[in-house]
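In what follows, a single structure is set out as structure tokens and then discussed.
See below:
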């Protein structure tokens, strides 16, 4: 069985992360993961944190974090590009899976869109939109028609706002509105427990395999370090 992390951050591209790309790769290698989807924050506050002067420089810096994790993984991890997008008119965080460098470079006003505008753009480019920790304080529920799924388990003990992710409520919501269900550690700090993700019978090595796996539902969740049954 192969373990994939779906939600983690490093300080090369996320302001609130205190773990380096090198340490992140070491932690996941030691935890026995095969694949890591690096979902650094993609929002105006990231742009300011990286002190970028224009959009393409920001994308260079954003992608640099992915390359640093790849280098540090020493060939033992598949490291895939993801993003945790915060839109200007929306307090929510949306995880993008299957995102590409081309998509990020060509959409310079990405975070100025509404979710109603972003979702069709993502669909046209084969990207899945998952609402992260939708039941934290300050979050709002997104209508099911504008997302592909939700994060039903977020492993962060307190979250960026110091609030509970209320995973039990997320699970209840997912049962009412069937959508893709994901699990992610939401790693930010060196001491964070790596306790989430998914388990598959074959390794996930490409964006296409990631999207197909999540859409097909042929995986198990890791929740609090324990593996739970199939989503289908």
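In this note's numbering, the protein residues as written are 10 to 241. Note that CB positions come from ideal geometry on N, CA and C, so glycine has one too. Quantities reported herein were computed from a predicted structural model and do not represent experimental measurements.
query                                                                                                                            : result
Touch test, the segment 220-231 against the segment 68-86, Cβ-Cβ under 8 Å, three pairs minimum                                  : no
Outcome for residue 51 when other beta-carbon atoms lying within 10 angstroms are tallied against a minimum of 16                : buried
Start-end ranges of the alpha helix (DSSP H) lying completely within the segment 116-150, minimum 4 residues                     : 124-133
Residue 241, buried or exposed, once every other Cβ within 10 Å from all chains shown has been counted against 16                : Residue placement at residue 241 cannot be trusted, given a pLDDT of 46 that sits under 50; what the coordinates show is reported in the next sentence. Label assigned to residue 241: exposed.
Exposed unless 16 or more other CB atoms sit within 10 angstroms - verdict on residue 225                                        : exposed
Top-ranked residue by Cα proximity to residue 42, from 85, 134, 156                                                              : 85
For residue 224, the residue or residues it bridges with in DSSP                                                                 : DSSP lists no partner for residue 224.
Paired residues, beta bridge with residue 235 - DSSP                                                                             : 232
Chain-order list of residues whose beta-carbon lies under 8 Å from that of residue 14 (same chain, five-residue window excluded) : 37, 42, 44, 45, 46, 193, 194, 196, 203, 205, 206
Start-to-end residues for the beta strand (DSSP E) that takes in residue 102                                                     : 102-106
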